[in-house]
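Protein chains in written order, with the UniProt record's numbering: chain A, 1 to 79; chain B, 1 to 379. Think of the CB as a built atom: it goes at the ideal place given N, C-alpha and C, for glycine as much as any other residue. These numbers come from a predicted model, not from an experiment. Data first, discussion second: the structure below is written as structure tokens.
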Ligand SMILES: Cc1cc2nc3c(=O)[nH]c(=O)nc-3n(C[C@H](O)[C@H](O)[C@H](O)COP(=O)(O)OP(=O)(O)OC[C@H]3O[C@@H](n4cnc5c(N)ncnc54)[C@H](O)[C@@H]3O)c2cc1C
């Protein structure tokens, strides 16, 4: 799972809540159904807030992976 | 001769000029330094006043001042629209001229882009610029009850607390007009809480509950169906309304985008302490124009202007610029027609709201009048 190839990577490291989530929301609006989007965030609350939003919006959470000092949150647009 | 160009005549640009000039007046008088402020409107707007204008508590005339009245007479004023900042040539191109600089200050603010939400222009209202506020004042005066949705359609936006304030004042406005029983107020926010800062949520959410102001979170409008008066969200929800008060999405200034100086949102990448534009030794940015993780608020522009003015003066005098911005912000929060609280915070200190009171509200009302002294650099 960790090596799923993302179609788009959003590097939101250094940006604070709600920056990373808002960037993902923008990307979801722009991308086609089926695309995989990966958000990098150094703000720990993103690792919780983003999956919560993905669930509410009905997309698929592929995973939340901890990298060196940041989190990689991988999401698939399903609708 | 050294040329300092300040782009933008809002709070940030005006205050920078007014703080800077007294520090280097001798140099200006001797012809060693020239300070030029370029702005595209001959007047400045006191935007916080829009919150009162829509309820007919302040008039248009009170919210506008001629920029010449506000600026130190030693500043050259150019009323013109900049079309391009040519950072590699150290010059600003305007519709009618070209201005070379040794130092540039970018203070071009933020703009609302309601067109990014299809249907919003036709179906909604906002109070984030003059035209919108005047139109909303009319709609509120004619409102006879129904469902009002106050919807934050993008982050960041100017004055983060204004959507909560408008909800509170609206509640009292409707009560005073005997319409509250016939009305619903729904506040919506894009993330999973009603505001970004937890201490503020802890104070405000129970106050919403007490007043019967409803709220929805994780609410990201995709479009407005103006005909059927409905908001459709990215989360797959629909919300109907009779009156929509939107906080439209914001972007940085067009000239910043057209010059390739902005990030994806059109915000200028800025050092959070020195306020220098990243990658440029002779360019500062402040106010709403920056990408900093601080509120887009006039008070922030004010504190930043002190830092930029001090550092520019040091550079002119050949001294190392050492002033640093510490993230300070101060915001009043109106929690009703006649009561308010306030918060202050910085990079190191989270906000701690105090109990709302009439006193704080009257201080804010007084500040609304005194603001023009701040702009002149006096208060
Ligand atoms: C409804 C509302 C309520 C608010 N309430 C508060 C509050 O209670 N407290 C608070 O602290 N803040 C409040 N604010 C926020 C505050 O008004 C802004 O943060 C502040 O105006 C930012 O100042 P600025 O100088 O950075 O930008 P602006 O005031 O937007 O000024 C930018 C200037 O640059 C000029 N400009 C832009 N592009 C060009 C160009 N290409 N060429 C030439 N000139 C150009 C513009 O004409 C403008 O004069 C509120 C805002 C709104 C909308």
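What three-state label does DSSP hand residue 345(B) in the structure shown?
Within the second chain, the letter at position 345 stands for residue 345(B). Strand at residue 345(B).
Which residue wins for smallest C-alpha separation from residue 250(B), given the options 344(B), 296(B) and 91(B)?
Position 250 of the second chain, counting from 1, holds the residue named residue 250(B). Nearest neighbour of residue 250(B) by Cα position, chosen from 344(B), 296(B) and 91(B), turns out to be 296(B).
Top-ranked residue by Cα proximity to residue 65(A), from 29(A), 38(A), 33(A) and 21(A)
Within the first chain, residue 65(A) is the residue found at index 65, counting from 1. Distance from the Cα of residue 65(A) is smallest, within the candidate group 29(A), 38(A), 33(A) and 21(A), for 38(A).
With DSSP run on the structure shown, which of helix, strand or coil describes residue 7(B)?
Counting from 1 along the second chain, the entry for residue 7(B) is found at position 7. In this structure, residue 7(B) counts as strand in the three-state DSSP scheme.
Hey, does residue 34(A) have any beta-carbon neighbour from chain B nearer than 8 Å?
Mapped onto the first chain, residue 34(A) falls at position 34. Contact with chain B is absent for residue 34(A), since none of that chain's Cβ atoms lies less than 8 Å from the residue's Cβ.
Are the C-beta of residue 57(A) and some C-beta of chain B separated by less than 8 Å?
Residue 57(A) sits at position 57 when you count from the first residue of the first chain. Interface with chain B (8 Å Cβ-Cβ cutoff): residue 57(A) is included.
Using a Cβ cut-off of 9 Å, pull out every chain B residue sitting near residue 16(A), in sequence order please.
Looking up residue 16(A) in the first chain gives position 16. For residue 16(A), the neighbours in chain B by C-beta distance under 9 Å run, in chain order, 196 and 293.
With C-beta atoms as the reference, is residue 239(B) less than 8 Å away from residue 218(B)?
Taking the second chain and counting its residues from 1, one reaches residue 239(B) at position 239. Taking the second chain and counting its residues from 1, one reaches residue 218(B) at position 218. No; because the gap between Cβ atoms is not below 8 Å, this pair is not in contact.
Taking one C-beta from the segment 199 to 211 of chain B and one from the segment 351 to 368 of chain B each time, how about it: are there three or more such pairs within less than 8 Å?
Short answer: they touch.
Any C-beta of chain A within less than 9 Å: which residues of the segment 145 to 161 of chain B qualify?
Cβ proximity to chain A below 9 Å picks out 154, 155 and 156 from the segment 145 to 161 of chain B.
Contact residues within the segment 220 to 247 of chain B, judged by C-beta distance below 8 Å to chain A:
So the list reads 220, 222, 234, 235 and 236, given in the order they occur along the chain.
Which class does residue 121(B) belong to by DSSP, given the choice of helix, strand or coil?
As a first step, residue 121(B) is located in the second chain; it is residue number 121 there, counting from the start. Helix at residue 121(B).
Would you mind telling me which residues of chain A sit closer than 7 Å to residue 191(B), beta carbon to beta carbon, in chain order?
If you number the second chain from 1, residue 191(B) lands on position 191. For residue 191(B), the chain A residues whose C-beta falls within less than 7 Å of its own C-beta are 18, 21 and 49, listed in chain order.
Would you say residue 218(B) lies against chain A (beta-carbon separation less than 8 Å)?
Indexing the second chain from 1 puts residue 218(B) at position 218. Look at residue 218(B): its C-beta is under 8 Å from a C-beta on chain A.
Residue 25(A) CB to nearest chain B CB: under 8 Å?
The residue labelled residue 25(A) in the question sits at position 25 within the first chain. At least one chain B Cβ lies under 8 Å of residue 25(A).
Does DSSP put residue 108(B) in a helix, in a strand, or in coil?
Locating residue 108(B) in the second chain gives position 108, where the first residue counts as 1. Annotated three-state conformation of residue 108(B) is coil, per DSSP.
What in chain B is Cβ-close to residue 44(A), meaning under 8 Å?
Your numbering for residue 44(A) matches position 44 in the first chain. Listed by position along chain B, the residues whose Cβ is nearer than 8 Å to that of residue 44(A) form an empty set, because the closest Cβ is around 14 Å away.
Confirm the yes/no value for this check: CB of residue 259(B), any heavy atom of ligand 3, distance under 7 Å.
Ligands displayed in this structure: ligand 1; ligand 3 is not among them.
Whole-Å CB distance - residue 187(B) paired with residue 215(B), under 8 Å assumed
Here residue 187(B) refers to the residue found at position 187 when the second chain is read from its first residue. Here residue 215(B) refers to the residue found at position 215 when the second chain is read from its first residue. About 5 Å separates the two Cβ atoms, so the contact holds.
Roughly how far, in whole angstroms, is the beta-carbon of residue 307(B) from the beta-carbon of residue 83(B), given that I think they are within contact range, below 8 Å?
Position 307 of the second chain holds residue 307(B). Position 83 of the second chain holds residue 83(B). With 8 Å as the limit, residue 307(B) and residue 83(B) do not qualify as a contact, their Cβ atoms being about 28 Å apart.
List the endpoints of the continuous alpha helix (DSSP H) containing residue 166(B).
The count along the second chain starts at 1 and reaches residue 166(B) at position 166. Run containing residue 166(B): 162 to 176, per the alpha helix (DSSP H) assignment.
Going by Cα to Cα distance, which pick from 146(B), 329(B), 104(B) and 159(B) is closest to residue 17(B)?
For the purposes of this step, residue 17(B) is taken as residue 17 along the second chain, with counting starting at 1. The residue with the shortest Cα to Cα distance from residue 17(B) is 104(B).
Between residue 19(A) and residue 12(A), is the Cβ-Cβ spacing less than 8 Å?
By 1-based counting over the first chain, the position of residue 19(A) is 19. By 1-based counting over the first chain, the position of residue 12(A) is 12. In this structure, residue 19(A) lies near residue 12(A), with their beta-carbon atoms less than 8 Å apart.
Using a Cβ-based criterion (distance less than 7 Å to any ligand heavy atom), does residue 195(B) qualify as near ligand 1?
Along the second chain, read from residue 1 onward, the residue named residue 195(B) stands at position 195. No.
Those runs of the alpha helix (DSSP H) which lie wholly inside the segment 190 to 274 of chain B and span at least 4 residues:
Within the segment 190 to 274 of chain B, the runs of alpha helix (DSSP H) at least 4 residues long that lie entirely inside it are, in chain order, 198 to 211 and 254 to 258.
Residue burial classification, residue 359(B) (beta-carbon count within 10 angstroms, cutoff 16)
Along the second chain, one-based indexing puts residue 359(B) at 359. The residue in question, residue 359(B), is exposed, as its Cβ has fewer than 16 Cβ neighbours within 10 Å.
Are residue 183(B) and residue 174(B) touching if we call contact CB-CB under 8 Å?
In the second chain, residue 183(B) corresponds to position 183, counting from 1. In the second chain, residue 174(B) corresponds to position 174, counting from 1. Yes. Within cutoff.
Evaluate contact between the segment 138 to 152 of chain B and the segment 264 to 283 of chain B, counting only Cβ atoms and requiring at least three cross-stretch pairs below 8 Å.
With the cut-off at 8 Å, the segment 138 to 152 of chain B and the segment 264 to 283 of chain B do not touch.
I'd like to check one pair, residue 336(B) with residue 204(B): are the Cβ atoms closer than 8 Å?
Numbered from 1 along the second chain, position 204 holds the residue referred to as residue 204(B). Numbered from 1 along the second chain, position 336 holds the residue referred to as residue 336(B). Residue 204(B) is not a Cβ neighbour of residue 336(B), given a cutoff of 8 Å.
Nearest-angstrom Cα separation, counted from residue 279(B) out to residue 54(B)
Translated into the one-based positions of the second chain, residue 54(B) becomes position 54. Translated into the one-based positions of the second chain, residue 279(B) becomes position 279. Looking at the backbone, the Cα of residue 54(B) and that of residue 279(B) are separated by about 42 Å.
Taking contact to mean at least 3 C-beta pairs separated by less than 8 Å, is the segment 7 to 26 of chain B in contact with the segment 44 to 60 of chain A?
Taking a cut-off of 8 Å for Cβ pairs, the segment 7 to 26 of chain B and the segment 44 to 60 of chain A do not touch, as fewer than three such pairs fall below it.
Thinking just about the alpha-carbon of each residue, which of 377(B), 319(B) and 299(B) is nearest to the one in residue 364(B)?
Residue numbering aside, residue 364(B) sits at position 364 when the second chain is read from its first letter. Residue nearest to residue 364(B) within the set 377(B), 319(B) and 299(B) is 299(B) (criterion: CA-CA distance).
Within the present structure, is the beta-carbon of residue 107(B) separated from the nearest heavy atom of ligand 1 by less than 7 Å?
The count along the second chain starts at 1 and reaches residue 107(B) at position 107. Yes, Cβ of residue 107(B) sits closer than 7 Å to a heavy atom of ligand 1.
First and last residue of the alpha helix (DSSP H) that includes residue 320(B)?
On the second chain, position 320 is the one that residue 320(B) refers to. According to the DSSP assignment, residue 320(B) belongs to no alpha helix (DSSP H), since it is labelled neither H nor E.
Contacting residues, own chain, Cβ-Cβ under 7 Å from residue 340(B) (five flanking each side not counted):
For the purposes of this step, residue 340(B) is taken as residue 340 along the second chain, with counting starting at 1. So the qualifying residues of the chain are 332, 333, 334, 356, 360, 361 and 364.
Residue 87(B) to residue 253(B), Cα distance in whole Å?
If you number the second chain from 1, residue 87(B) lands on position 87. If you number the second chain from 1, residue 253(B) lands on position 253. One alpha carbon belongs to residue 87(B), the other to residue 253(B), and they sit about 16 Å apart.
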